[in-house]
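According to mature numbering (1 follows the signal peptide of the UniProt record, and there is no 0), the sequence shown holds residues -35 to -1, 1 to 409 in order.
We treat Cβ as the ideally placed atom computed from N, Cα and C, and that holds for glycine.
Notes follow the structure.
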Amino acid sequence: MATTNTRPTRARCARLSLAALCVVATTLTWNPAVARADGTSSTPLATATSQGDIAGEWPLDATHFNAQKIWELSRGAGVTVAVVDSGVDAAHPDLTGQVVPGTSLLGDDSDGRSDSSSESHGTAIAALIAGTGASDHGHGIIGLAPAAKILPVRVSTGSQVTASVLSQGIIWAADHGASIINVSLGTPNPDPLLKKAVAYAEGKDAVVVASAGNNGQTSNEVEYPAGFPGVVAVSGTDQTGAFWPTSESGPDITVGAPAAQIASASNDGQYVQAEGTSYAAGYVSAALALIRSHHPHLTAGQAIETLINSTRDHRAVPDNQLGYGEIDPLAALSAPVPGATGNPLLAARPTGSSSSAVWRWVGAGAVLLCTLAGGGLALFRRRQKSAAAGPAAYRRNDAPQGAVASKQRPTSTKAKRSAVTQQSKPQTRQPYRKAATEARGRNK
C-alpha cells in the first residue's frame, strides 16, 4: 500500500570545522528526489516458497556466498567491527547481545547503542555484519559474521556529518579495539584530517572499509575515505554478481559486494529492503571479520591480501568496476595465508586537488545531509580530480525507502534472481520476514 512521505521540507545551517579552515554550511533542504533513493511507498513482499532458501538475504544463499558452508569454518567470533555511523539499535531482537558499548561524538552522552537517524542507517549495516537472526523464532536477519561484535560510533544523527567528527570516530574506533572499521559514507573530495585518521587506524592494525558511493550514473569517481591509500574501497554488485551500475567506479576500487535488493534490520524491531554501496561495505567488513577470526594472528594487511586473492573471477590486474573481483568469503577462509604482512593497498598515488568538501552516507537510505564549501586541498589519489566549483553536500551513498510497519515473507532467492530491478530507479522500503531456518552451529 502506497504511503505519502510526510517528512517536511526544512533548512539547517551550521558552522563546520574542516581541517584548519573555518567552513560555513549552506542551507540544507530535505528533498527525497535529490537524495536519489528515498522511496515514497511501502509494498508487501510475496510469500517465500522454500524453507531451504535464505529468502530475502540472497547474498547468503547457496548460489552466492553459501553462508551455511562459511559458518562451518568461521562465524567471526572474537572480532570487533566498528560501525562509524548513526549509532546502532542494540534493542533490535536480531542485535541483542551483539552491540558492545561504544560512543557518540555528538555531545549527547550516548554510548552509541541507539540509532539516532530516522533511516536506521547504522542499524541496517550492523545487522548485515553481525545480526543473529533471533527474532521471530529464528527467522530474523542474520549477518554474515553472526558471532562478531559491533562497536557503535555515532558521528551523525541523519542531519549532518563533519570531517572533524568522522575523523574522530575512526580514531576512537581504532583506539577501542576495532579490528575492522566500517565507514558507509563518503565525500567526492579528500580531506587531510580524514586522511590522517585513516592512516592512524591502519597504524593500529585495523582494516578500514569504505563504500565507493552511489553516483555512478553521473560520475565514476570513488568517494573518500574509500579513495585514500590502504582503504578497502567497495563497489556494488547485483544478484547475478555483475557490477551494480549505480555504484561509483574507478581505479581505487578494491572489491565488489552485494548492493542491490538487500534486506536488513531497522529501528523499532522492524526490517527494511533497500540498496546501496553502504550495504556492500557491510558485507566486506563481515567477510574480513570471518577471516580475522579464522586466522587470529593475521595482520590487517594479510587479511586484506587474503580477501583480494580469493575473489570470484579474480583479476590479477584490478578493473575499474569490481577491482580484484566480487568477494568470496568461503574461498577466503580456505586460501593460503599470505607471507607478506604489509597492506597491499598502500601503493603510491598521484596527487589530486579539490575546492569543496562533500559528504554522503552510502548505506540504508541516500539522504541529503549537509552542504558546505571547502578549500584548496591536495592529497594522494590514483586519479587526479578536477576542482569542483561551488558548494557540495554531505549525504549517504545508499538507497533507502520509508518506514516499515509489518513483516512478511519475501520472494525466494530464485525468483529475485530472475527479476533483477533496474538500479537507476528509486527502490521502495518493504516489509520483510525471512523464511529460512539456518543451522546456527557453534561460534567460531
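Can the beta-carbon of residue i be found less than 8 Å from the beta-carbon of residue j?
| i | j | result |
| --- | --- | --- |
| Asn285 | Asp80 | no |
| Ile90 | Asp59 | no |
| Ala27 | Ile106 | no |
| Val187 | Ala222 | no |
| Leu109 | Phe30 | yes |
| Val172 | Ser144 | yes |
| Gly77 | Ser149 | no |
| Ser176 | Thr242 | yes |
| Asp170 | Thr264 | yes |
| Arg277 | Gly178 | no |
Quick one: Cα of residue i to Cα of residue j, how far?
| i | j | result |
| --- | --- | --- |
| Arg280 | Tyr289 | 5 Å |
| Thr97 | His260 | 22 Å |
| Gly304 | Val197 | 19 Å |
| Ala251 | Pro157 | 28 Å |
| Asp3 | Leu25 | Only weak support exists for where Asp3 lies, its pLDDT of 24 falling under 50; the value from the coordinates is given anyway. Their Cα atoms are separated by approximately 26 Å. |
| Ala228 | Asp203 | 13 Å |
| Ser39 | Ala254 | 9 Å |
| Pro190 | Asn180 | 15 Å |
| Gln235 | His57 | 8 Å |
| Ala95 | Ala138 | 17 Å |
| Gly142 | Arg257 | 13 Å |
| Gly201 | Ser85 | 20 Å |
| Val282 | Asp101 | 45 Å |
| Ala245 | Asp293 | 13 Å |
| Glu22 | Ile115 | 20 Å |
| Ala55 | Asn147 | 17 Å |
| Pro301 | Ile35 | 16 Å |
| Ala32 | His104 | 15 Å |
| Thr152 | Val130 | 14 Å |
| Glu37 | Ser75 | 36 Å |
| Leu287 | Val237 | 26 Å |
| His262 | Thr306 | 11 Å |
| Pro155 | Ala128 | 10 Å |
| Ala99 | Ser299 | 28 Å |
With a threshold of 8 Å on Cβ separation, who are the neighbours of residue i within its own chain once the five nearest residues in sequence on each side are excluded?
| i | result |
| --- | --- |
| Pro309 | Gly266, Ile269, Glu270, Ile273 |
| Gln133 | Leu70, Val120, Ala162 |
Please work out which residues of its chain come closer than 6 Å, Cβ to Cβ, to residue i, disregarding the five sequence neighbours upstream and downstream, and give them in chain order.
| i | result |
| --- | --- |
| Ile136 | Ala162, Tyr165 |
| Gly195 | Glu167, Asn308, Leu310, Leu311 |
| Ala113 | Gly41, Val44, Val46, Ala95, Ala254 |
| Thr386 | Residue confidence is low: Thr386 scores 24 on pLDDT, short of 50, so the model does not pin down where it sits. Its coordinate-derived value is still stated next. Taken in chain order, the list of residues that qualify is empty. |
| Phe193 | Lys160, Val163 |
By Cβ distance below 7 Å, which residues in the same chain neighbour residue i in space, the five residues on each side in sequence not counted?
| i | result |
| --- | --- |
| Gly87 | Val48, Asp50, Ser51, Gly52, Val53, Asp80, Pro117 |
| Leu83 | The sequence as given places Ser at residue 83; Leu does not occur at that position. Same-chain partners within the cutoff: Gly123. |
| Ala296 | Ser275 |
| Val249 | Val174, Val197, Val199, Val220, Ala222, Ile292 |
If we define contact as Cβ-Cβ less than 8 Å, is residue i a contact residue for chain C?
| i | result |
| --- | --- |
| His86 | Absent from the structure: chain C. Only one protein chain is present. |
Quick check on the DSSP output: what are the complete alpha helix (DSSP H) runs of length 4 or more inside the stretch 244 to 292, in order along the chain? 265 to 274
Between the stretch 57 to 74 and the stretch 202 to 217, are three or more C-beta pairs nearer than 8 Å? no
To test your reading of the DSSP string, which unbroken alpha helix (DSSP H) runs of 4 or more residues are found completely within the stretch 67 to 150? 86 to 95, 100 to 103, 128 to 140
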